[in-house]
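Just so we're aligned: the sequence shown equals residues 2 to 464 in our numbering.
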Amino acid sequence: MLGQWQLRAAFAARLSRMYGREVPAYATLVDVCREVNEDVLRARGSDAERLGTIGRVTAERHGAIRVGTPGELRQVARVFGALGMRPVGFYDLRETAASALPIVSTAFRPVAEDELARSPFRVFTSLLTVSDPRFFDADLRARLTAFLAGRELFGPELLALADRAEAERELSEADAERFLELAVRAFELSAEPIDRDWYAALERVSAVAADIGGVRSTHINHLTPRVLDIDELYRRMTERGIEMIDTIQGPPRWTGPDVLLRQTSFRALAEPRALRAPDGRVTRGALRVRFGEVEARGIALTREGRALYDRLLTLVDEEAAHRSPADRAAVARSVWTRHLPPTEHGLAAAGLGFFTYHAVPGRPADGTRPPAGLRGLLDGGWLRAEPIVYEDFLPRSAAGIFQSNLSEAGSRNSGREGSAYDADRLSGAMDRDVLDPFTLYERQRDRSLAQVPRALRPQGAAS
Ligand code: OOG
Ligand code: NI
């Protein structure tokens, strides 16, 4: 039998092989990541593994997919549910970018620490906001709704296997093989000809809307490996002649601890796709929608830390506004140096970062009693803090990645009231709770803290 984590790891590995065949530049990206990670490990030793073992980091991927309807999202949730992945976080990208991004998103991922350690595979999943009148007028909405209602992304056999894997938390080897084959196939790029005029009608609103609602199947949009030095990776990819987007999204490079998430990507490539003209003739065209992304992960921030991060982004925008774009990284570094603690210890002490806490073995050595309070225990060397790695995404970075890969801005009627999409609406559509990432990190921290009093109790003391 194969348990859920084995299914998840196998799915991630097969998807990676499939995507490497479809998009050869992705295979280059994975190679360069491996080289950079090996170099960092050589240079920094065990310190390089502070936010994850090299085994985990090398295998780690996130995917991105896009679906059209709440019903499709519900089916995706069943497929990922089979892999032990649950919806975490709600991201509304509609207001984040100058380009039209008519989508809201969540990320499917494992939540338990041991599951993350075994296979941290996650998928950023976006839902087209068909009912948002700023993007789709009544006529286009009606046509889009009818088009989406007539397609099937996941067949009954796949869904039945998925439900069984979720309920029983495992599949026999033969069923697992069939499930993986069908699941990977569901995310392959289809060779079916695309209705050219329909695709173009949606593209006038948003290239993302066309990628979702202009075709009769879904596909993986990108698959993202994790790298330990994203600046070095950016340099090496550029050296190899691969055109990267202009910036690295998220926190700047600086000398303090890595926090949250830094991401960049190579530009969407023209891929041959069959197009059907109104007279029925099929021609070979090309579409640029799929790209390659890479990311470096840092420490998860508490609600206070995250609020500070969001303020710092605004501050960077303000200070960079009257400077040349080339100065932005330097401006960001200076803002960070002024506002963020330069060490992990500082992040923990200020309550800005998430850590788990562990009693230092051998204490108490001289019979002194431990001080009360976390700060005293840390400063006195009674406890050590281990960073919790950020497992989620950042809306502004996501929008930046989307936007930098679009050639047209699309259009939106900002005079209209947007329709409400929120975490509850997504939860309702899937019949599964969209989990709050902060709550997950808090629980992880609190579980470690709950062990501390017992671990610090002097030997032989009564309970
Ligand atoms: C998703 C873009 C966002 C990320 O890592 O933030 C994203 C998409 O292109 O569908 O993948
Ligand atoms: Ni991504």
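From the three backbone atoms N, C-alpha and C, an ideal C-beta is built for every residue, glycine too.
Leaving out the 5 sequence neighbours to the left and right, which residues in its chain are closer than 6 Å to residue i when beta-carbon positions are compared?
i      : result
Phe81  : Phe109
Val41  : Ala49, Leu229 and Asp230
Leu183 : Leu159
Asn414 : Arg135
Ala330 : Pro253
Thr54  : none
Pro1   : Lying outside 2 to 464, the shown extent of the chain, residue 1 is not represented and no answer is given.
Nearest to residue i by CA position, among the options, is which residue?
i      : options                           : result
Glu167 : Glu392, Gln76, Glu320 and Val283  : Gln76
Ala98  : Ala456, Glu409, Gln452 and Tyr442 : Glu409
His220 : Tyr235, Ser191 and Ile195         : Ser191
Glu393 : Ile55, Asp93, Leu30 and Arg123    : A small fix is needed here, since residue 393 is Asp in this sequence, not Glu. With distances taken between Cα atoms, Asp393 lies closest to Arg123.
Ile249 : Arg298, Arg170 and Ala202         : Arg298
His223 : Asp432, Arg458, Ser127 and Arg217 : Ser127
Ala271 : Arg289, Gly53, Leu94 and Ala83    : Arg289
Ala351 : Asp328, Leu94, Leu375 and Ser335  : Leu375
Pro71  : Thr29, Arg95 and Leu129           : Leu129
Pro454 : Ala269, Arg268 and Leu378         : Leu378
Val89  : Ala147, Val260, Ser449 and Leu395 : Leu395
Glu93  : Arg417, Arg448, Ala400 and Ala430 : In the sequence as displayed, the identity of residue 93 is Asp instead of Glu. Taking only the C-alpha atoms, the option nearest Asp93 is Ala400.
Gly419 : Arg95, Pro388, Val260 and Ala202  : Arg95
Which residues bound the beta strand (DSSP E) around residue i?
i      : result
Gln264 : Leu262 to Arg277
Gly286 : Val283 to Arg298
Asp93  : Arg87 to Asp93
Ile66  : Arg62 to Val68
Glu387 : Leu384 to Pro388
By Cβ distance below 7 Å, which residues in the same chain neighbour residue i in space, the five residues on each side in sequence not counted?
i      : result
Glu73  : Leu154
Ala333 : Pro253 and Val317
Ser464 : Residue placement at Ser464 is flagged as unreliable, the pLDDT there being 46, under the threshold of 50; the coordinate-derived value follows with that caveat. There are no such residues.
Ala278 : Arg197 and Thr284
Asp164 : Arg79
Arg312 : none
Tyr27  : Tyr20, Gly21, Leu224 and Gly293
Can you list, in chain order, the residues of its chain whose CB lies under 8 Å from that of residue i, leaving out five sequence neighbours each side?
i      : result
Trp6   : Gly85, Pro111, Glu116, Arg119 and Ser120
Phe91  : Val105, Ser106, Thr107, Asp423, Ala424, Leu427 and Val435
Ala10  : Ala60, Arg119, Ser120 and Phe122
Val216 : Ser191, Glu193, Ile195 and Tyr200
Val206 : Ala101, Pro103, Phe136, Phe137, Leu141, Gly411, Ser412 and Arg413
When you compare only the Cα positions, how much space is there between residue i and residue j?
i      : j      : result
Gly214 : Gly156 : 18 Å
Thr338 : Leu436 : 33 Å
Ser132 : Gly286 : 30 Å
Val68  : Asp212 : 9 Å
Arg79  : Met2   : 20 Å
Ala150 : Ala177 : 29 Å
Glu244 : Arg237 : 11 Å
Ala161 : Asp432 : 17 Å
Gly46  : Thr59  : 15 Å
Leu384 : Glu240 : 45 Å
Gly4   : Phe180 : 13 Å
Arg458 : Glu174 : 47 Å
Val105 : Arg397 : 13 Å
Pro326 : Tyr358 : 41 Å
Phe267 : Ile402 : 10 Å
Gln264 : Glu296 : 4 Å
Gly347 : Asn406 : 37 Å
Ala83  : Gly306 : 33 Å
Ser335 : Glu319 : 13 Å
For the alpha helix (DSSP H) containing residue i, name the first residue and the last one.
i      : result
Pro1   : Residue 1 is absent from the model: the chain starts at 2 and stops at 464.
Tyr358 : No alpha helix (DSSP H) contains Tyr358, which is instead part of the beta strand (DSSP E) from Phe356 to Ala360.
Arg448 : Pro438 to Leu457
Val332 : Arg329 to His340
Met431 : Ala424 to Met431
Ser405 : Pro396 to Ser405
Val435 : From DSSP, Val435 is part of no alpha helix (DSSP H); its letter is neither H nor E.
Tyr310 : Arg304 to Ala321
Ala83  : Pro71 to Ala83
Asp259 : First-last for Asp259: undefined, no H or E at that position.
Ala98  : No alpha helix (DSSP H) holds Ala98; DSSP gives it neither H nor E.
Asp380 : Leu375 to Asp380
Leu353 : That residue, Leu353, is in no alpha helix (DSSP H); it is neither H nor E in DSSP.
Any heavy atom of the ligand HEM closer than 7 Å to the beta-carbon of residue i?
i      : result
Thr440 : As far as ligands go, the structure on display features the ligand OOG and the ligand NI and does not contain the ligand HEM.
For this session: May I have a chain-ordered list of the beta strand (DSSP E) segments no shorter than 3 residues that lie completely inside the segment 101-181?
Result: 104-110 and 123-129
Exercise. Taking the runs of the beta strand (DSSP E) that are 3 residues or longer, which of them lie wholly in the segment 170-251?
Worked result: 223-226
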